[in-house]
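Residue numbers (this note's numbering), protein chains in the order written: chain S, 1 to 509; chain E, 510 to 692.
A virtual CB, placed ideally from N, CA and C, is assigned to each residue, including glycine.
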């Protein structure tokens, strides 16, 4: 009862009419904005951050989570209908999803993706429900050295697992750490890198940074990229998969759920990796692998299930350890901080209403997603027909005016534009904004814990290695840091595998 | 520019017969072929040098903040460490990028579009506190639709007006925000 009491109370929180309404609003907004080519979950949440400011914390996070998995599904729609993945984790859906659409089975592909997303997310939420308290109770023993080591490992994992160039990802992360130092030093009160600007004395605000890098950066990039527009959306005839389709896809969904859940917990692009791994597993276990790439329903079901399962389980490190697993989670982490909530092992005990309210909202949100995804297909297609020329200024203005409303500050709007330009340039020069944002939000956690550790350990860095948890984390850190070099030496001149080609492809998304 | 102006009209469906028969590997190759040209080693080196300059500035400013000692770290210690990491990684990137330049993409003739977009956004930031958001937003919408998006004069004017009116109704009338406005 100790365990189930708060869990059931969480359902009471989410079934509150206001929370339910915001959950619905989040899912719908997420789906609608996520369907726009070029705007994935990270950009969608970043742009819509100001919407959450005047709302209660629980309600705000429920809505953001809704936007998150709504946008995740929105990305699938463009993969199937336009051969244009809305985000990296939907890239593999193109292989069979678009071919299915060309064969007149777009509705089946979208339907199976919706069912798979629901199945994967549900398995993952159940896993989250039982695993999160365990992880949190384990992490309660963490002190400053453990947190410093964990934050360091989290940043490194995200930087090295996601994206193409590891060097550039690490540079982006380090720049994020440097940006996090701007403002008043929490220990000495000294002003750092403010150059006398009062607006910078409290540091760079997270919202303009995320809105600029992900939102305006993407919008500017799309201005340039628009001439590479994809083909017009294909027609959707039947919008619900048959019993035979579901039967054929069910095993792939089962495998995808488990794979996605496990891979999603790991920091660093869990959703993308899990969809790739799921596709590979499905192809390998298929009786006739040659069907893949030619409209195999398992090729849609597996990855779509896996990426949603991973997206949901990536909430585990965020909510229980306070470590975001990827760029999108970093934005949700920032949103939580803005709301005065510090995610971490204390959260379950100190604010069970929020914790279980958010977790349980995912059950409800995914049911809403499943119920609305198919009937709304017609609406999505209409949205896809709206010309990008008209959508671009609308999105830009939403971002700019939204940024102003956060603190009624024109300086914030300027920061959005500046970080927007940085986001665009980073994309052009092959630097990913995800590690930068992640390191930015973890920067103060890392610095404060590192400095506290140094004070406690009297400057002896070897002290990190005498504590079992921090020592283990640092060993993993060294292994992860050195692995690319070791791997490079082992597999020199090997033919570029499909996963690597797709990873390259991610840059275009 | 001309090419882009024609682009926004709803594109005709591609002849995707070859796509239907493509395996994932072939599709990935197709994408690779369609991808924009890679950045190249010179631009890659240039970006590394910019990062290196940032690292050097970070080191100098951090020293000015007082590093302290490992036992009692001061305000400059952490940014100093981070700047050193940035500097080392920039040097590594300089060496790696010499041969590679595979990440990132070349600037094209369309790269003017984001620059114009950026300029209009800056203009919005400058003008908004002075004359309110309506006129700058109208200008931004019009420029983006007409010249960056290739809309016709009439539709660009009409849609820009509609967009600004809708934003006015949402942000000023309905939400009552304090966004600077004319009326």
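According to DSSP, is residue 641 of chain E part of a helix, a strand, or is it coil?
For the purposes of this step, residue 641 of chain E is taken as the residue at position 132 of the second chain. Of the three classes helix, strand and coil, the one that applies to residue 641 of chain E here is coil, per DSSP.
Indicate whether residue 199 of chain S and residue 411 of chain S have their beta-carbon atoms separated by less than 7 Å.
For the purposes of this step, residue 199 of chain S is taken as the residue at position 199 of the first chain. For the purposes of this step, residue 411 of chain S is taken as the residue at position 411 of the first chain. Yes; because the gap between Cβ atoms is below 7 Å, this pair is in contact.
Rounded to the nearest angstrom, how far is the Cβ of residue 18 of chain S from that of residue 59 of chain S, given a contact under 8 Å?
Reading the first chain from its first residue, position 18 is the one you call residue 18 of chain S. Reading the first chain from its first residue, position 59 is the one you call residue 59 of chain S. Their Cβ separation, rounded to whole angstroms, is 6 Å, which keeps residue 18 of chain S and residue 59 of chain S in contact under 8 Å.
List, in chain order, every chain E residue whose beta-carbon is nearer than 8 Å to that of residue 77 of chain S.
In the first chain, the residue the question calls residue 77 of chain S occupies position 77. Result: empty, since nearest Cβ-Cβ is about 17 Å, beyond 8 Å.
Please check the pair residue 124 of chain S and residue 4 of chain S, which I expect to be a contact at CB under 8 Å, by giving their CB distance rounded to whole angstroms.
Here residue 124 of chain S corresponds to residue number 124 of the first chain, with the count starting at 1. Here residue 4 of chain S corresponds to residue number 4 of the first chain, with the count starting at 1. Contact between residue 124 of chain S and residue 4 of chain S fails: their C-beta atoms lie close to 19 Å from each other, not under 8 Å.
Is it true that the region 671-685 of chain E meets the region 416-428 of chain S, where meeting means three or more beta-carbon pairs spaced less than 8 Å apart?
no
If you draw a straight line from the alpha carbon of residue 583 of chain E to that of residue 173 of chain S, how long is it in whole angstroms?
For this step, residue 583 of chain E is matched to residue 74 along the second chain. For this step, residue 173 of chain S is matched to residue 173 along the first chain. Residue 583 of chain E and residue 173 of chain S: Cα-Cα distance of roughly 22 Å.
Give me the Cα-Cα distance between residue 565 of chain E and residue 552 of chain E, rounded to the nearest whole angstrom.
Counted from its first residue, the second chain places residue 565 of chain E at position 56. Counted from its first residue, the second chain places residue 552 of chain E at position 43. Rounded to whole angstroms, residue 565 of chain E to residue 552 of chain E spans 20 Å at the Cα level.
Identify the continuous alpha helix (DSSP H) that holds residue 512 of chain S and give its terminal residues.
The shown model of chain S, from 1 to 509, leaves out residue 512 of chain S, and the question about it has no answer.
Span separating the alpha-carbon of residue 530 of chain E from that of residue 545 of chain E
Locating residue 530 of chain E in the second chain gives position 21, where the first residue counts as 1. Locating residue 545 of chain E in the second chain gives position 36, where the first residue counts as 1. With a pLDDT of only 48 at residue 530 of chain E, under the threshold of 50, the placement of this residue in the model should not be trusted; the figure read from the coordinates follows. About 24 Å.
According to DSSP, is residue 196 of chain S helix, strand or coil?
Within the first chain, numbered from 1, the residue matching residue 196 of chain S stands at position 196. Residue 196 of chain S: coil per DSSP, three-state reduction.
Checking contacts by CB at 7 Å: is residue 613 of chain E closer than that to chain S?
Within the second chain, numbered from 1, the residue matching residue 613 of chain E stands at position 104. Residue 613 of chain E counts as touching chain S.
Counting C-beta neighbours from all protein chains within 10 Å, is the total for residue 687 of chain E 16 or more, i.e. buried, or is it exposed?
Here residue 687 of chain E refers to the residue found at position 178 of the second chain. Exposed is the call here.
So residue 393 of chain S contacts chain E; which residues on that side make the cut at Cβ distance below 7 Å?
On the first chain, position 393 is the one that residue 393 of chain S refers to. Going along chain E in sequence order, the residues near residue 393 of chain S (Cβ under 7 Å) are 649, 650, 653, 654 and 672.
Which residues in the same chain have their Cβ closer than 6 Å to the Cβ of residue 113 of chain S, if we skip the five residues on either side of it in sequence?
Within the first chain, residue 113 of chain S is the residue found at index 113, counting from 1. So the qualifying residues of the chain are 76, 300 and 304.
So who's on the other strand from residue 577 of chain E, going by DSSP bridges?
Translated into positions along the second chain, residue 577 of chain E becomes position 68. Partner(s): E:582.
Measuring straight from C-alpha to C-alpha, what distance separates residue 313 of chain S and residue 485 of chain S?
As a working note, residue 313 of chain S is residue 313 in the first chain. As a working note, residue 485 of chain S is residue 485 in the first chain. Their Cα atoms are separated by approximately 29 Å.
Nearest chain E C-beta to residue 469 of chain S closer than 7 Å, yes or no?
As a working note, residue 469 of chain S is residue 469 in the first chain. No, residue 469 of chain S does not count as interfacial toward chain E.
Opposing strand residues paired with residue 655 of chain E [DSSP bridges]
Here residue 655 of chain E corresponds to residue number 146 of the second chain, with the count starting at 1. Partner(s): none; residue 655 of chain E has no beta bridge.
Since residue 146 of chain S contacts residue 473 of chain S with CB under 8 Å, what's their CB separation in whole angstroms?
Here residue 146 of chain S is taken as the residue at index 146 of the first chain, counted from 1. Here residue 473 of chain S is taken as the residue at index 473 of the first chain, counted from 1. Confirmed, Cβ separation roughly 7 Å.
Is residue 361 of chain S closer than 7 Å to residue 23 of chain S when the C-beta atoms are compared?
Translated into positions along the first chain, residue 23 of chain S becomes position 23. Translated into positions along the first chain, residue 361 of chain S becomes position 361. Yes.
Give every residue of the same chain whose Cβ lies closer than 6 Å to the Cβ of residue 176 of chain S, excluding the five residues on either side of it in the sequence, and list them in chain order.
Indexing the first chain from 1 puts residue 176 of chain S at position 176. Counting only Cβ-Cβ distances below 6 Å, and skipping sequence neighbours, we find 436, 439 and 440.
Whose Cβ in chain E lies nearer than 7 Å to the Cβ of residue 155 of chain S?
In the first chain, residue 155 of chain S corresponds to position 155, counting from 1. Near residue 155 of chain S there are no residues of chain E at all, since even the closest Cβ is about 11 Å away, more than 7 Å.
For residue 653 of chain E, is the classification buried or exposed, using 16 other Cβ atoms within 10 angstroms of its Cβ as the cut-off for buried?
Working through the second chain from its first residue, we reach residue 653 of chain E at position 144. Residue 653 of chain E is buried by the Cβ-count criterion.
By Cβ distance below 7 Å, which residues in the same chain neighbour residue 571 of chain E in space, the five residues on each side in sequence not counted?
Numbered from 1 along the second chain, position 62 holds the residue referred to as residue 571 of chain E. A distance below 7 Å between beta-carbons, with the five flanking residues on each side excluded, links residue 571 of chain E to the following residues of its chain, in chain order: 585, 588, 589 and 592.
State buried or exposed for residue 298 of chain S, treating a residue as buried only when at least 16 other CB atoms are found within 10 Å of its CB.
Along the first chain, read from residue 1 onward, the residue named residue 298 of chain S stands at position 298. With 16 or more other Cβ atoms within 10 Å, it is buried.
What do you get for residue 660 of chain E, buried or exposed, if any count of 16 or more other CB atoms within 10 angstroms of its CB means buried?
Here residue 660 of chain E is taken as the residue at index 151 of the second chain, counted from 1. Result: buried.
Residue 673 of chain E in three-state terms, based on DSSP:
Walking along the second chain from the start, residue 673 of chain E turns up at place 164. Helix at residue 673 of chain E.
Rounded C-alpha distance that separates residue 181 of chain S from residue 292 of chain S
For this step, residue 181 of chain S is matched to residue 181 along the first chain. For this step, residue 292 of chain S is matched to residue 292 along the first chain. Rounded to the nearest angstrom, the two C-alpha atoms are 49 Å apart.
Separation of residue 48 of chain S from residue 402 of chain S, as counted between CA atoms:
The sequence position of residue 402 of chain S within the first chain is 402, counting from 1. The sequence position of residue 48 of chain S within the first chain is 48, counting from 1. Each residue's Cα considered, the two are about 8 Å apart.
So, using beta-carbon positions, are residue 432 of chain S and residue 169 of chain S closer together than 7 Å?
Start at 1 with the first residue of the first chain, and residue 432 of chain S comes out as number 432. Start at 1 with the first residue of the first chain, and residue 169 of chain S comes out as number 169. Yes. Within cutoff.
Contact set between residue 408 of chain S and chain E, taken where Cβ atoms lie within less than 9 Å
Mapped onto the first chain, residue 408 of chain S falls at position 408. What residue 408 of chain S touches in chain E: 686, 687 and 688.
Where does the unbroken alpha helix (DSSP H) through residue 321 of chain S begin, and where does it stop?
Sequence index remark: in the first chain, residue 321 of chain S carries index 321 (1-based). First-last for residue 321 of chain S: undefined, no H or E at that position.
Exposed unless 16 or more other CB atoms sit within 10 angstroms - verdict on residue 622 of chain E
Here residue 622 of chain E refers to the residue found at position 113 of the second chain. Result: buried.
Could you tell me whether any Cβ in chain E is nearer than 7 Å to the Cβ of residue 286 of chain S?
Translated into positions along the first chain, residue 286 of chain S becomes position 286. No, its Cβ sits nowhere closer than 7 Å to a Cβ of chain E.
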